[in-house]
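Scroll down for the structure; my scribbles are underneath it.
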Amino acid sequence: MEHNTLKLFLCEKPSAAATYVEALGGDTKRDKKKGYYQGDNWIVCYLAGHVYELLEPGQYKDEWKRWNLESLPIRPEQFRYQKMKDKEDLIQTICGLLKKADEVVIATDAGQEGQLMGEIFLKETGWKGRTWRVWSSEMEINGLRKAIREMRPNSEYAGIAASGDSREKGDWLLGINFSRCFTLLAQERGYDFLVPAGRVQSPILHIVANRKREIDQFKAGKYYELSANLVMPDGTKVEGKVNLPDHLLKNGHCTDKDAINQIMRGIQNAECLVSAISKNHSRKAAPLPFTQTDLQIHADKQWQFPPAKTLETCQSLYETYKLLSYPRTGSDHYETDELAKAPKTIAMLGKVPGIESAAAGADISNPSSAFDTSKVVEHAALGPTGKLPDWGRLSEAERSIFKIVCLRYLAQFYPDVSVETTSATLSVGSYTISLRGQTVLELGWSAIISEEKEDVPYIPELQQGQTISIDSFSVSEKSTRPPKRYSRGDLLAIMKNAKRFCSPQLQTRIKTASLGTDATRASILEGLELRDLLVAKGNIIDISKRGLMADEIISQLASSLTTPDLTAMWEIAFRNIKSDPTKAVQFKQNVNDYIGRQLATSNTVTIRNNPLAFTHDCGGVLTRRTPDKGNPYWQCRSCREYVDDDKGRPVKPIEGHGSKCPKCASKMITKMQRNTKSSKPASPYLSCSNRNCPGRNSNKGLQG
C-alpha cells in the first residue's frame with residue numbers, strides 16, 4: 002500500500018474488521034477507536050450488516066400508503082434508500098472517517114450481497130473518490146494479506162453490483178405488487194390473512210401443497226409378492242423374488258393372489274439352476290466438499306438441525322473462532338493452491354478429538370479432483386482454515402459441524418471405494434429369480450464417512466448351470482404406501498436442484514434451475530414457517546390450512562409463480578447483467594411489463610370463496626365490522642348490504658326473509674331486536690330493507 006495515502010477499509014462485520022487490522026500489521030487493542038481502528042496510513046471500520054434499506058411504498062407517494070387495487074402497480078421512478086434506525090450513529094461515524102480518507106477499499110464479504118452493501122453505502126453517503134475492492138473471505142492472516150496486495154479497482158465489479166441491484170429491486174417490485182393484489186382479491190372472497198407472493202417462496206409452498214394433496218388423495222392398495230427361500234451351495238440362505246409376467250403387473254405390482262398361488266404350485270417341485278451370472282467392478286470417488294446447502298441437508302438428516310441453526314453454527318465457527326472458511330458458499334471445490342496448505346492442515350486435524358485416526362490415514366500424495374480453482378464460484382467449499390480449535394470452548398453443535406466438515410475435507414485424500422457387484426439369474430421352470438449381491442473390496446473414504454448404503458445381500462461364488470436348493474416358497478401380502486412428507490433436508494435438496502419442477506417447455510431449454518441461494522434458503526424456509534404457511538414437526542415439514550389456502554389463491558391468480566420457471570429465467574438474466582451491466586435496463590423493463598400483465602390478468606379472475614366464510618344471499622362474502630361506537634355488524638363485499646350480528650355470527654334468516662314488504666314491495670330482511678333496557682336476549686325479526694318505508698318500524702312485530 003502507498004504510505005502517503007490514507008485508505009479507509011469498509012468491512013461488513015466487527016470480526017472481519019479485527020482480522021483486517023491484524024493483516025495490515027495493526028493491533029486490535031492499541032489501534033481501537035470508537036467504532037473503528039486506525040493505523041499510520043489506514044483506517045478500518047465496519048457496517049455491522051446492512052445499514053440502508055429501501056423506502057416503503059407509502060414513503061414515495063401518499064396514495065401507496067393504503068392497500069387498494071386502484072393504486073397498483075407500484076413502480077417508483079427512482080428507488081431511494083433510508084438509514085436503518087439502529088445504524089444512524091454508525092453511519093455518522095463512518096461519514097466522518099470518509100472526510101479524512103483519500104481512498105476507500107470495499108472489504109465486505111466477497112459476494113453479490115457484500116458488493117451491493119458497500120456500493121449502496123458509498124452512494125448514499127456521497128463518496129466520489131477513488132475506490133478499491135478486496136475480493137476475499139479469508140480469515141487467515143497471510144491469505145488476507147495476499148488479497149490486500151492484489152486489490153483491484155472497484156469498477157471491475159460493476160457487473161456484480163448491477164446484478165445484485167437488479168435482484169433486490171426486482172424482488173421488491175414483485176413482492177409488493179403481487180402480495181397486495183392477491184391479499185386484496187382474497188379478502189373479497191373471505192380470506193382474512195396476508196397472501197405473501199414471491200418467485201422463490203411461492204414455488205416452495207406449491208411443492209409442499211401438492212405433496213399434501215397427493216397424500217390426502219392416496220388410497221392404499223394390497224399387492225402380493227412370491228419369494229423363494231434359497232440355500233446356496235456353501236449353506237448361505239438367501240431370499241429371492243420370483244419375477245412375475247408383465248400381464249400380471251400393474252404399476253409394478255401384482256394384485257391377483259390366486260394367480261401367484263397358481264404360479265407357486267406350478268414351480269413347487271421344479272429344479273432351480275443358475276442360468277446367467279455376471280460380475281462388475283466399480284469405484285466411487287469421495288463425495289465433494291460441502292456447500293452450505295449440502296451441509297444443511299446432512300445436518301438435518303443426521304442431527305435434525307434446522308437449516309438456520311446449521312448456518313448460524315458455521316457463521317460462529319467462521320467469525321468467532323476462525324476455524325472454518327466462508328460459510329455461505331455454493332461451491333463444492335477448493336482453490337487449487339489449497340493443496341499446498343494440506344500437510345499443515347492435516348497435521349492440525351490429527352490433534353482434534355474424534356478425527357485423529359482419520360487424519361492419520363490421509364494420503365496427501367493422492368488428492369481428489371476437488372482442488373480446482375476453475376470450478377470455484379465466488380467462494381471455495383467449506384473447509385478447515387488450519388487453526389487448531391480450543392475444543393472445550395465449542396458447543397456440541399459447533400463440534401459436530403466442525404468434525405463433519407473436516408472429515409469431508411480429509412476424505413479428499415482417501416482412495417475410492419471399490420465394490421464388486423454380482424448379478425445372477427436363476428431359472429425355475431418357466432420363471433426366473435434375480436439375485437444381486439455386493440462385496441466391498443476396498444473401504445477407501447467410506448472408512449471415515451458413513452453414508453446411506455443400499456441393503457444388498459452377500460452372494461457366494463456361483464457357477465453357471467449350478468443347481469440351487471429351494472427350501473420353500475412364500476407369498477407375502479403388502480400395501481402400497483403414500484408419498485412421504487418432505488423433511489427440511491428434502492426441501493433444501495429440491496431448492497438446490499429444482500429443474501424437475503419447472504414446466505416441460507422450460508426443462509428442454511435450461512441445464513439447471515434452483516430456488517434461492519446457499520445464503521438465503523434457510524431464511525426462506527424459516528419465513529414460511531413464521532408466517533404459519535408451513536408447519537414443522539421435528540424436521541418434517543407439512544403445510545398449514547392457511548398455507549393450502551394461500552397456495553390455492555396464488556395458483557388461481559398467477560400460476561406462473563407456482564413453478565421455478567420465473568426464477569430460472571431471472572437467474573439467466575442476472576448472469577447476463579453480471580457480464581454486461583447495461584442489460585440491467587432491459588431487465589427492469591421486462592419486470593415491469595411482466596408485473597403489469599400479471600396484475601391485469603389477476604384482476605379478471607374470480608377466485609373461489611373461502612369455504613369457512615359466511616356468505617350473503619347474493620353469494621358475496623360477509624365481513625364482520627366492529628365500529629368504535631355501536632354494535633358489530635356484517636357487510637357483504639359484493640352488494641355492500643348490511644347484516645346484523647348475532648353473537649359473533651351473521652343473523653340467521655328467519656321465515657319470510659327475502660319476501661316482499663306489504664307496504665312498499667321492497668325486500669324483507671332479518672334484523673336483530675336489541676333490548677337495551679331489558680335482560681331478555683336479542684331476538685330476530687323481519688324488517689323492510691327500504692329505510693324510507695312507512696311501515697319499517699311496525700315490522701318489528703313480525704318476529705320469528
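Okay, so the sequence shown: first residue is 2 according to the working numbering, each after it adds one. Beta carbons: idealized from backbone N, C-alpha and C, even for Gly. Since we're looking at a predicted model, the values are computed, not measured.
#1: Could you say if the region 420-433 and the region 271-281 meet the contact criterion of at least three C-beta pairs nearer than 8 Å?
#2: Taking a contact to mean a Cβ-Cβ separation below 8 Å, would you say D456 touches L231 in this structure?
#3: Indicate the three-state DSSP secondary structure (helix, strand or coil) for W635 in the structure shown.
#4: Going by DSSP, name the residue or residues bridged to R409.
#5: Among all the DSSP beta bridges, which residues are the ones paired with V441?
#6: In this structure, does DSSP put W392 in helix, strand or coil?
#7: Could you check what DSSP says for S228 in three-state terms: helix, strand or coil?
#8: The alpha helix (DSSP H) with W304 in it runs from where to where?
#9: Does G241 come out as helix, strand or coil in the three-state DSSP assignment?
#10: Relative to the alpha-carbon of A363, which residue among V377, G445 and G27 has its alpha-carbon at the smallest distance?
#11: Using the Cα positions of A187 and K251, report the straight-line distance between them to the nearest angstrom.
#12: Quick one, which of E240, L227 and G236 has its alpha-carbon nearest P259's?
#13: Under three-state DSSP, which class holds A17?
#14: My output table needs one value for T132: the three-state DSSP class, helix, strand or coil.
#15: When you compare each of P204, S401, L185 and G112 to P390 by their alpha carbons, which one comes out closest?
#16: I'd like the span of the beta strand (DSSP E) that includes Y37, first residue to last.
#17: Looking only at its own chain, which residues have a Cβ that is under 8 Å from the Cβ of A614, when we skip the five neighbours before and after it?
#18: Check for me: the beta strand (DSSP E) holding H658 runs from which residue to which?
#19: Whose CA, out of T521, P565, E64 and A19, lies closest to the CA of T311?
#20: Going along the chain, which unbroken runs of the alpha helix (DSSP H) with 4 or more residues stay wholly within the region 562-598?
#21: Mind checking C12: buried by the 16 CB within 10 Å criterion, or exposed?
#22: Name the two residues that bound the continuous alpha helix (DSSP H) containing T346.
#23: Would the beta-carbon of F403 fall within 8 Å of that of L325?
#24: For H380, which three-state DSSP category applies?
#25: Considering only C-alpha positions, which residue in the set Q297, A300, G236 and P416 is nearest to S283?
#26: Is A523 closer than 8 Å to A569 when the C-beta atoms are compared?
#27: Three Cβ pairs or more, each shorter than 8 Å: is that satisfied between the region 82-101 and the region 196-208?
#28: Could you round the C-beta distance between K242 and I525 to whole angstroms and report it? I think they count as a contact, below 8 Å.
#29: Classify Y459 as buried or exposed, calling it buried when 16 or more other Cβ atoms lie within 10 Å of its own Cβ.
#30: Return the chain-ordered list of same chain residues with a C-beta closer than 6 Å to the C-beta of A18, the five sequence neighbours on each side being excluded.
#31: Contact check, D581 vs H207 under 8 Å by CB: the rounded distance?
#32: With a threshold of 16 other CB atoms inside 10 Å of the CB of G702, please say whether the residue is buried or exposed.
#33: Buried or exposed: H248, going by 16 or more other Cβ atoms within 10 Å of its Cβ?
#34: Quick one: what's got a C-beta closer than 8 Å to I278's C-beta in the same chain, skipping five residues either side?
#35: Taking the CB atoms as reference points, tell me whether I75 and I161 lie closer together than 8 Å.
#36: Should A229 go down as buried or exposed, given a rule of 16 or more other Cβ atoms within 10 Å for buried?
According to the structure data:
#1: yes
#2: no
#3: strand
#4: DSSP, once it has assigned bridges, lists no residue as partnering R409.
#5: V420
#6: helix
#7: strand
#8: Q293 to W304
#9: strand
#10: G445
#11: 43 Å
#12: One detail in the question is off: residue 259 reads as Asp in this sequence, not Pro. Here the closest residue by C-alpha is L227.
#13: helix
#14: strand
#15: S401
#16: Y37 to Q39
#17: R190, G191, Y192, V622 and L623
#18: No beta strand (DSSP E) contains H658, which DSSP labels as neither H nor E.
#19: T521
#20: 566-580
#21: buried
#22: E339 to L350
#23: yes
#24: strand
#25: P416
#26: no
#27: no
#28: The pair is not a contact, with the Cβ atoms about 43 Å apart (cut-off 8 Å).
#29: exposed
#30: C12, V45 and Y47
#31: Wrong, their Cβ atoms sit about 33 Å apart, outside the cutoff.
#32: Per-residue confidence for G702 stands at a pLDDT of 46, beneath the threshold of 50, marking its modelled position as unreliable; no derived number is given.
#33: exposed
#34: T423, S424, A425, T426, L463, Q464 and Q465
#35: no
#36: buried
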